[in-house]
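K.L.:
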Amino acid sequence: MGLVRKTSEVVADDLERQISDGSLKSGDQLPTIDQLAIQYGVGKSTIREAISQLKARGLVQPRQGEGTFVTPNANDALQHANHALGNIPLALTGNPEELIQLLQVRRLIEGGCVVAAAESADETDMLRMANIVHKMQDAVDNEEMSRLYDIQFHMEIAKASRNPFLLKIMETISEALNQTIRDSRSLWLYRGQQQNHQLYLDHRSIYEAIHDRDAALAKQRIEAHLDNVSAALKEYLNASI
Numbered sequence: 095m096g097l098v099r100k101t102s103e104v105v106a107d108d109l110e111r112q113i114s115d116g117s118l119k120s121g122d123q124l125p126t127i128d129q130l131a132i133q134y135g136v137g138k139s140t141i142r143e144a145i146s147q148l149k150a151r152g153l154v155q156p157r158q159g160e161g162t163f164v165t166p167n168a169n170d171a172l173q174h175a176n177h178a179l180g181n182i183p184l185a186l187t188g189n190p191e192e193l194i195q196l197l198q199v200r201r202l203i204e205g206g207c208v209v210a211a212a213e214s215a216d217e218t219d220m221l222r223m224a225n226i227v228h229k230m231q232d233a234v235d236n237e238e239m240s241r242l243y244d245i246q247f248h249m250e251i252a253k254a255s256r257n258p259f260l261l262k263i264m265e266t267i268s269e270a271l272n273q274t275i276r277d278s279r280s281l282w283l284y285r286g287q288q289q290n291h292q293l294y295l296d297h298r299s300i301y302e303a304i305h306d307r308d309a310a311l312a313k314q315r316i317e318a319h320l321d322n323v324s325a326a327l328k329e330y331l332n333a334s335i
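Residue numbers for the sequence shown, in the working numbering: 95 to 335.
(1) Enumerate, from N- to C-terminal direction, the unbroken beta strand (DSSP E) stretches of 3 or more residues contained entirely within the region 107-172.
(2) Can you tell me which of the three DSSP states residue 291 falls into?
(3) Just how far apart, CA to CA, sit residue 278 and residue 219?
(4) Using CA coordinates, which residue listed in 113, 306, 152 is at the minimum distance from residue 211?
(5) Thinking C-alpha only, which one of 301, 221, 326, 232 is nearest residue 209?
(6) Do residue 247 and residue 223 come within 8 Å of each other at the CB atom, strictly closer than that value?
(7) Whole angstroms is fine: what's the gap from residue 236's alpha carbon to residue 299's?
(8) Determine contact between the region 102-110 and the region 142-151, defined as no fewer than three beta-carbon pairs at a distance below 8 Å.
(9) When you compare only the Cα positions, how much space is there between residue 191 and residue 329?
(10) How would you write the range of the alpha helix (DSSP H) that residue 256 sits in, first residue to last?
(11) Can you tell me the Cα-Cα spacing of residue 316 and residue 266, whole angstroms?
(12) If you draw a straight line from the alpha carbon of residue 294 to that of residue 233, how long is it in whole angstroms?
(13) Rounded to the nearest angstrom, how far is the Cβ of residue 242 from that of residue 140, given a contact under 8 Å?
(14) Just how far apart, CA to CA, sit residue 280 and residue 240?
(15) What is the DSSP secondary structure of residue 93, reduced to helix, strand or coil?
(16) Check whether the region 151-164 and the region 115-134 touch, using three or more Cβ-Cβ pairs below 8 Å as the test.
(17) Are the beta-carbon atoms belonging to residue 250 and residue 226 less than 8 Å from one another?
(18) Check residue 210 in the structure and name its three-state DSSP category.
(19) What number of angstroms, rounded off, separates the C-alpha of residue 345 from the C-alpha of residue 169?
(20) Can you tell me which of the three DSSP states residue 267 falls into?
(21) How about residue 200 and residue 320: do their beta carbons lie closer than 8 Å?
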């Protein structure tokens with residue numbers, strides 16, 4: 095199975111969750127594209143793609159000159175889509191062997207990113223990372239948004255490295271990065287080994303090391319974080335044999 099997990103899918107899934115839990119009801123108008131882009135901290139093209147995905151799922155309907163509205167039969171569409179996955183964690187929807195390999199790649203690349211960020215990030219970089227960490231704290235009860243901020247945080251570290259080659263590498267593997275973050279978070283939460291609050295604390299500790307210009311500690315913390323993810327995945331796979 096491919097390892098593609100676009101940010102637009104994360105946004106679409108969060109909007110779908112709001113429809114499912116009644117926060118957005120049939121007939122309700124969604125915020126404008128501009129408003130959603132600000133809310134999620136993404137580009138307008140990402141929002142347009144997310145809306146297209148929701149339309150394909152039968153959940154929303156754009157109206158020319160009026161906006162985008164939740165369809166009258168959205169609940170029926172959701173019930174139809176919720177086929178029996180039982181208690182299988184989302185980690186199993188990807189290729190476990192590829193996920194472990196990608197985690198190994200992330201360990202190598204992101205270890206270098208945090209070292210460079212600790213040495214080269216300016217105050218603007220620090221503020222952007224701090225802002226995402228604060229958003230993660232506020233979103234501990236919202237897994238979709240926590241996951242989105244998780245992805246943004248790791249990309250922000252790459253930007254803060256001030257190394258265009260590191261950033262280019264991270265951008266090249268960004269879709270695979272999205273997949274590993276989605277699946278590893280799903281596995282951790284399913285296994286009870288981590289909760290969103292602990293994941294927030296892990297990321298805050300990485301940021302604090304970068305902010306303190308402690309490159310060695312930042313590298314140690316992000317490698318430990320990724321090692322824990324890999325260990326949890328391997329433990330689950332061994333238990334499933």
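All residues carry an ideal CB built from backbone N, CA and C; glycine is no exception.
P.N.:
Walking through what the data contain:
(1) For the region 107-172, whole beta strand (DSSP E) runs of length 3 or above, ordered along the chain, are 154-157, 161-164.
(2) For this step, residue 291 is matched to residue 197 along the sequence shown. Taken through DSSP and simplified to helix, strand or coil, residue 291 comes out as helix.
(3) Counting from 1 along the sequence shown, the entry for residue 278 is found at position 184. Counting from 1 along the sequence shown, the entry for residue 219 is found at position 125. So the alpha carbons of these two residues sit roughly 26 Å apart.
(4) For the purposes of this step, residue 211 is taken as residue 117 along the sequence shown, with counting starting at 1. Nearest C-alpha to residue 211: 306.
(5) As a first step, residue 209 is located in the sequence shown; it is residue number 115 there, counting from the start. Residue 301 is the option with its Cα nearest to residue 209.
(6) Within the sequence shown, the letter at position 129 stands for residue 223. Within the sequence shown, the letter at position 153 stands for residue 247. In this structure, residue 247 lies closer than 8 Å to residue 223 by Cβ.
(7) For the purposes of this step, residue 236 is identified with residue 142 of the sequence shown, where counting begins at 1. For the purposes of this step, residue 299 is identified with residue 205 of the sequence shown, where counting begins at 1. Those two C-alpha atoms are separated by around 21 Å.
(8) Contact between the region 102-110 and the region 142-151 is present, because at least three Cβ pairs lie under 8 Å.
(9) Locating residue 191 in the sequence shown gives position 97, where the first residue counts as 1. Locating residue 329 in the sequence shown gives position 235, where the first residue counts as 1. Annotation: residue 191 to residue 329 spans about 13 Å, alpha carbon to alpha carbon.
(10) Counting from 1 along the sequence shown, the entry for residue 256 is found at position 162. Bounds of any alpha helix (DSSP H) do not take in residue 256, whose DSSP letter is neither H nor E.
(11) Residue numbering aside, residue 316 sits at position 222 when the sequence shown is read from its first letter. Residue numbering aside, residue 266 sits at position 172 when the sequence shown is read from its first letter. Cα to Cα, residue 316 sits roughly 20 Å from residue 266.
(12) Here residue 294 is taken as the residue at index 200 of the sequence shown, counted from 1. Here residue 233 is taken as the residue at index 139 of the sequence shown, counted from 1. Cα to Cα, residue 294 sits roughly 9 Å from residue 233.
(13) Numbered from its first residue, the sequence shown carries residue 242 at position 148. Numbered from its first residue, the sequence shown carries residue 140 at position 46. That pair is no contact at about 10 Å.
(14) In the sequence shown, counting from the first residue as 1, residue 280 sits at position 186. In the sequence shown, counting from the first residue as 1, residue 240 sits at position 146. Answer to the nearest angstrom: the Cα atoms are 12 Å apart.
(15) The first residue shown for the chain is 95 and the last is 335, placing residue 93 beyond what the model contains.
(16) Taking 8 Å as the limit for Cβ pairs, the verdict is that the region 115-134 does touch the region 151-164.
(17) Here residue 250 is taken as the residue at index 156 of the sequence shown, counted from 1. Here residue 226 is taken as the residue at index 132 of the sequence shown, counted from 1. Their beta carbons are under 8 Å apart, which means residue 250 touches residue 226 by this criterion.
(18) Within the sequence shown, residue 210 is the residue found at index 116, counting from 1. Correct three-state label for residue 210: helix.
(19) Because residue 345 is not part of the residues shown, which for the chain are 95 to 335, the question remains open.
(20) For the purposes of this step, residue 267 is taken as residue 173 along the sequence shown, with counting starting at 1. Residue 267 falls in the coil class under three-state DSSP.
(21) The count along the sequence shown starts at 1 and reaches residue 200 at position 106. The count along the sequence shown starts at 1 and reaches residue 320 at position 226. Cβ distance < 8 Å, so residue 200 and residue 320 count as in contact.
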